[in-house]
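**Student:** Before I ask anything, let me first share the structure, which is written out below as structure tokens.
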Amino acid sequence: MSNTEPKLKTSIDTTYLLTEQTWLYVISSSEDGTTHLVCPGAPNGSNGFVICFKPCHLSILEALITQLQPTHNS
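For the sequence shown, position 46 (counting from the first letter as 1) is numbered 47 according to the working numbering, and the numbering increases by one without interruption.
Rendered as structure tokens:
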């Protein structure tokens with residue numbers, strides 16, 4: 002998102018700064034085809050979350066990786 006694009010805001014938007022020490026893991030569900038990114042609350046200052054992804058989210062996840070790679074490779 003560029004600085005000129007409006008940021009989406011709702012009354013429930015939450016921002017977490019993930020660090021190298023943030024405990025994250027991935028689990029998959031064969032029942033519904035979802036994959037979950039899990040950040041458990043207890044080891045992360047009670048700021049846990051789960052994001053459930055489906056195959057339809059692949060393009061946005063690929064865009065996220067594309068944006069992160071130049072930072073990681075430098």
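Every residue, glycine too, gets a C-beta built ideally from N, C-alpha and C.
Treat the numbers as computed from the prediction; the structure is a model and nothing was measured.
In whole angstroms, what separates the C-alpha of V27 from that of I66?
**Tutor:** The alpha-carbon atoms of V27 and I66 are separated by roughly 16 angstroms.
**Student:** Does the distance from the CB of L62 to the CB of F50 come in under 8 angstroms?
**Tutor:** No, these two residues do not count as a Cβ contact at 8 angstroms.
**Student:** Residues in its own chain within less than 6 angstroms of H37 by CB, not counting five upstream and five downstream?
**Tutor:** Only I28, V51, C53 meet the Cβ criterion.
**Student:** State the CB to CB distance for the pair L25 and C40, rounded to an integer number of angstroms; the pair is presumed to be in contact (CB under 8 angstroms).
**Tutor:** Going by Cβ atoms, the distance from L25 to C40 rounds to 5 angstroms, so yes, they are a contact pair.
**Student:** Can you tell me the Cα-Cα spacing of S60 and D33, whole angstroms?
**Tutor:** S60 and D33: Cα-Cα distance of roughly 19 angstroms.
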